[in-house]
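21 is the number of the first residue of the sequence shown in the working numbering; add one for each residue after it.
Every residue, glycine too, gets a C-beta built ideally from N, C-alpha and C.
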Amino acid sequence: MILKNTPLIAILMSVFYFVMSVPVLVGQPVDVWAMGLIFLLVSICGVYMVAVNHKLEEHLISTFAFAFYFVYMTMAQLYLLNKDSISLEEYKEAEGICILSFLLMMIAVRFMRRIKTKRFQFLDQEPRIFSYYVLLLLAVAVHLLEIYSAGGIVAYFSASYQAKFSSVAAEKMLGGIGKLVAPFAYYNLLYVTEKPRSTIHWVARIYFVFHLAMSYASGASLAILYQLVAFCCMKIFASDDVENRKEKIRITRKQRKWIFRGILFGGLGVLIAILVRFNRDAEGFSFAVLKDTYDLLITTSTFDSLYYLSRTLRELTPQYSLGQFLFPFIFWVPRSIFPWKPVELGRIVAIAFKNFDSSVNGGYAVTPMAEFYYDMGYVGMIAGSFFLGCLLSLIQKKLNHSKNGRYKMVITMMFMFPTISLATSWSSLGSNYVGVVLFLCVASFLNQCKSGAGTR
Numbered sequence: 021m022i023l024k025n026t027p028l029i030a031i032l033m034s035v036f037y038f039v040m041s042v043p044v045l046v047g048q049p050v051d052v053w054a055m056g057l058i059f060l061l062v063s064i065c066g067v068y069m070v071a072v073n074h075k076l077e078e079h080l081i082s083t084f085a086f087a088f089y090f091v092y093m094t095m096a097q098l099y100l101l102n103k104d105s106i107s108l109e110e111y112k113e114a115e116g117i118c119i120l121s122f123l124l125m126m127i128a129v130r131f132m133r134r135i136k137t138k139r140f141q142f143l144d145q146e147p148r149i150f151s152y153y154v155l156l157l158l159a160v161a162v163h164l165l166e167i168y169s170a171g172g173i174v175a176y177f178s179a180s181y182q183a184k185f186s187s188v189a190a191e192k193m194l195g196g197i198g199k200l201v202a203p204f205a206y207y208n209l210l211y212v213t214e215k216p217r218s219t220i221h222w223v224a225r226i227y228f229v230f231h232l233a234m235s236y237a238s239g240a241s242l243a244i245l246y247q248l249v250a251f252c253c254m255k256i257f258a259s260d261d262v263e264n265r266k267e268k269i270r271i272t273r274k275q276r277k278w279i280f281r282g283i284l285f286g287g288l289g290v291l292i293a294i295l296v297r298f299n300r301d302a303e304g305f306s307f308a309v310l311k312d313t314y315d316l317l318i319t320t321s322t323f324d325s326l327y328y329l330s331r332t333l334r335e336l337t338p339q340y341s342l343g344q345f346l347f348p349f350i351f352w353v354p355r356s357i358f359p360w361k362p363v364e365l366g367r368i369v370a371i372a373f374k375n376f377d378s379s380v381n382g383g384y385a386v387t388p389m390a391e392f393y394y395d396m397g398y399v400g401m402i403a404g405s406f407f408l409g410c411l412l413s414l415i416q417k418k419l420n421h422s423k424n425g426r427y428k429m430v431i432t433m434m435f436m437f438p439t440i441s442l443a444t445s446w447s448s449l450g451s452n453y454v455g456v457v458l459f460l461c462v463a464s465f466l467n468q469c470k471s472g473a474g475t476r
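If you want it as structure tokens, here you go:
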């Protein structure tokens, strides 16, 4: 499917920006408005560059990453303007860095178009039913461990977000294992959308519903939205009638139907996400939060990453090391075994600025720019932003060499949805990507195993 409607994209992005921003920007100086408009223009150019006049399915990772970066940073800027402790000069510095980072990622994506890449070899494999059931058992086992750690299924679903785990050690252990099996939710979509329908199709659908329920109970509000959108992506880009067509320029009636459902499911997912997010700490569930949604959105700590970027620039000194850059690759290594393991900036900020208990698991969103600044100063910030753009483009280019449309689309979504962290944390994005790679290594090994079970 080739996306050509540039004015519509610009209009939709502009409407979102002005609807969300104008109530906060009213009364602000002209230079604040000007920087906001520059950010909007750069964002439109970024989405246009990767999506318009190209096969959208071949640029999904960058398109989703840039679109969500725009949405998140729009809200983060409003959050920053609402903070009395931040001056206008500090606000403009943080927004300027946000714009520069976006530009560097765009340049990197453009640069990578000139680089020749080879395909991922494992995409040549045909997923086996045997592999699916082994991975399903692993995923369900992790969910059961989470329920057991909380004290049973009733306790798990009724406990507050912070009380799901019996100890900090259990939370860290299950969090690490969870990153390894999280990609299975997308692998499962191979069979949820499979035709003709068979036993495995219904097993996959049962797990799909079960995973949505677990996401709701765990407070992972956006995970619900991911699954609904991912399901529609499979129907739009990887359905049988699309795969069999050589040209993907015209949108078929079936695609239009699933695009409409995608918008509907997306809206439903956002509604559920808001209800889950703002009822997370409440004593009882209530729809009353919807009345104050706008005020809650522009003041919620979900969008505080630019605030902590600003404080990092003012109050922390660059370490001139690669600790933050390397952290996602050694996230899985227990600190008790390797005490030299670096501490992620999100925890450093929480301890330094919020008197966070260092024995408790958790931290704050700080933006990748802050992490790279903490490593190597402003040079690290520039190089890190360029690296992120190259990474997204490299993964997509290697995936695009595959002819296995359905499997390629599933893996594309495994790499696409973690880019929600592009605006908040390289530590989170990188560790999720490492989890995807390890999951695919296990899946590749299982697919190579000789088994009586057939392929999908």
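If we count the other Cβ atoms within 10 Å of its Cβ and call it buried at 16 or more, is residue 331 buried or exposed? Residue mapping note: residue 331 aligns to position 311 of the sequence shown, counting from 1. Burial call: buried.
Proximity winner among 174, 131, 212 and 87, relative to residue 413 (alpha-carbon distances): As a position in the sequence shown, residue 413 is number 393, starting the count at 1. Comparing Cα-Cα distances from residue 413 to each of 174, 131, 212 and 87, the minimum goes to 131.
Report the rounded CA-to-CA distance for residue 436 versus residue 341, giving the unit in angstroms. Indexing the sequence shown from 1 puts residue 436 at position 416. Indexing the sequence shown from 1 puts residue 341 at position 321. C-alpha separation (whole angstroms): 29 Å.
Pop quiz: residue 44 and residue 102 are said to be a contact at Cβ under 8 Å. What is the actual Cβ separation, rounded to whole angstroms? Position 24 of the sequence shown holds residue 44. Position 82 of the sequence shown holds residue 102. Between the beta-carbon of residue 44 and that of residue 102 there is about 7 Å, and that keeps the pair under the 8 Å contact cut.
With H, G and I counted as helix, E and B as strand and the rest as coil, what does DSSP make of residue 162? As a working mapping, residue 162 is identified with position 142 in the sequence shown. Helix.
So, helix, strand or coil for residue 505, using DSSP? There is no way to answer for residue 505, as the model of the chain reaches only from 21 to 476.
With residue 446 as the anchor, note down where its alpha helix (DSSP H) starts and where it stops. For this step, residue 446 is matched to residue 426 along the sequence shown. Where residue 446 is concerned, the enclosing alpha helix (DSSP H) stretches over 446 to 468.
Use the C-beta contact count for residue 148: other C-beta atoms within 10 angstroms, 16 or more gives buried, fewer gives exposed. The residue given as residue 148 occupies position 128 in the sequence shown. That one is buried.
If you drop the 5 nearest sequence neighbours on each side, which residues of the same chain put their C-beta closer than 6 Å to that of residue 345? In the sequence shown, counting from the first residue as 1, residue 345 sits at position 325. Close CB contacts of residue 345 within its chain, under the 6 Å cut and outside five residues either way in sequence, are with 395 (chain order).
Alpha helix (DSSP H) segments (min. 4 residues) lying fully within the stretch 316 to 376: As far as the stretch 316 to 376 is concerned, its whole alpha helix (DSSP H) runs of at least 4 residues are 325 to 335, 343 to 346 and 365 to 374.
Mind checking residue 253: buried by the 16 CB within 10 Å criterion, or exposed? Here residue 253 is taken as the residue at index 233 of the sequence shown, counted from 1. Under the 10 Å beta carbon count, residue 253 is surrounded by 16 or more other beta carbons and is classified as buried.
Endpoints, the alpha helix (DSSP H) within which residue 420 is located: Here residue 420 refers to the residue found at position 400 of the sequence shown. Looking at the DSSP string, the run of the alpha helix (DSSP H) that includes residue 420 is 388 to 420.
Which class does residue 115 belong to by DSSP, given the choice of helix, strand or coil? Numbered from 1 along the sequence shown, position 95 holds the residue referred to as residue 115. DSSP places residue 115 within a helical segment (H, G or I) once states are collapsed to three.
Which same chain residues end up closer than 8 Å to residue 539 when comparing Cβ atoms and leaving out the 5 residues on each side of it in sequence? There is no way to answer for residue 539, as the model of the chain reaches only from 21 to 476.
Taking only three categories from DSSP, how would you classify residue 50? Looking up residue 50 in the sequence shown gives position 30. Here residue 50 carries a helix assignment [DSSP, helix/strand/coil].
Taking the alpha helix (DSSP H) that residue 106 belongs to, which residues open and close that run? Start at 1 with the first residue of the sequence shown, and residue 106 comes out as number 86. Element bounds for residue 106: n/a, residue is neither H nor E.
With DSSP run on the structure shown, which of helix, strand or coil describes residue 196? Start at 1 with the first residue of the sequence shown, and residue 196 comes out as number 176. In the three-state DSSP reduction, residue 196 falls in the helix class (H, G or I).
Spatial neighbours of residue 326 in its chain, beta-carbon cut-off 8 Å, leaving aside the 5 residues before and after: As a working note, residue 326 is residue 306 in the sequence shown. For residue 326, the CB contacts under 8 Å within the same chain, skipping 5 residues up- and downstream, are 93, 96, 97, 99, 100, 114, 115, 118 and 387 in chain order.
Could you pull the start and end residues of the alpha helix (DSSP H) that residue 81 belongs to? Along the sequence shown, one-based indexing puts residue 81 at 61. Element bounds for residue 81: 80 to 101.
I need the boundaries of the alpha helix (DSSP H) containing residue 204, first residue and last residue. Locating residue 204 in the sequence shown gives position 184, counting from the first residue. In the DSSP annotation of this structure, the continuous segment of the alpha helix (DSSP H) that includes residue 204 starts and ends at 204 to 207.
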